[in-house]
Amino acid sequence: MCKTNTNSLKGVFNLNIKDKKENLTKDELLVDYIKDKLEEKMQASSMDINVTCRDGVVHLSGFVDVLAEKEYAEQITYSIDGVKKVENNITIGVEGQITDKHIEKEVIDRLRNNNYSEKISGIGVKVKDGVVNLIGHVDTLKDSHIAMKIASEVRGVKDVVNNTQISTLGVIDDVTITNMIRDKLNRADFSGEDIACTVTGGIASLSGYTQTKRDAEIAKELAMSVEGVRKVINKIRIREK
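Residue numbers for the sequence shown follow UniProt numbering, so the first one is 1 and each next one is one higher.
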């Protein structure tokens, strides 16, 4: 009777995997890592997402159930080191007929029943051909983006257009806005000392360096949460390791 050395087979198997990894191009390794991250973060929602990459430019295609999943897949992909650009061609699959009226009702219900409902109570909704148009007013740019995210989680929504107005625009001068952003950056969990901020006409421009892409995104979110800010231009670069 012939006995099989399982330890030897395991060693050969591991070597084959290692050899395969070593023979992959940088783009192929990036694709493998992106797929792993999408599966880890999105679980079953990532099953029908396809990933290709060329020279650091990632192409996403396939299907998801709602707009929020499409946007989340792009967010996950862009946060990975080595990704230069993300082209998101994921399609939102809708089962059955969902009318604009149904979408509008569902979006309004969700906007009125969530942890942020008080902050976004001044937002109205119009829907045409699956495209949600948010109107009305909010106190901060961040509030409008929260409303956009909530709307994007509704089935049948193809896109969300933000036409809300910032009620605090022009009420607070640029110098005060700059100081408020600076204060938030200084109190952040990461070092914001290497980030410069200028504000002109309510438009905040961030530049400088952070350690990770996530820190750069957090800095942008902090600026968006300041009253009087109507737009944030994020020019922050990632410090080379």
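Glycine included, C-beta positions come from ideal geometry on N, C-alpha and C.
What does the alpha-carbon distance come out to for the pair N114 and I103? So the alpha carbons of these two residues sit roughly 17 Å apart.
Burial state of K235 (16 or more Cβ within 10 Å): K235 comes out exposed.
At least 3 beta-carbon pairs within less than 8 Å: the stretch 56 to 69 vs the stretch 29 to 42: yes
Of all the options V175, D215, N163, which has the alpha carbon lying nearest to the alpha carbon of A188? For the residues V175, D215, N163, the minimum Cα distance to A188 belongs to D215.
Determine which residues share a DSSP beta bridge with Y209 and list them. R237
Using the Cβ count rule (16 or more neighbours within 10 Å means buried), how would you classify I90? buried
Rank D194, T210, I172, F190 by C-alpha distance to the C-alpha of V226 and give the top, closest one. I172
What does DSSP give as the partner residues of H137 in its beta bridges? Q165
How would you label A147, buried or exposed, when you count the other beta carbons within 10 angstroms and need 16 or more for buried? Counting Cβ neighbours within 10 Å, A147 comes out buried, since at least 16 surround it.
Would you kindly work out how many angstroms separate the C-alpha atoms of D129 and I233, rounded to a whole number? 31 Å
In the DSSP assignment, find the unbroken beta strand (DSSP E) run with T198 in it and report its ends. 195 to 200
Excluding the 5 residues preceding and the 5 following T200 in the sequence, name in chain order all residues of the same chain whose CB lies nearer than 7 Å to its CB. In chain order, D174 place their CB closer than 7 Å to the CB of T200, counting only its own chain and leaving out the 5 sequence neighbours on each side.
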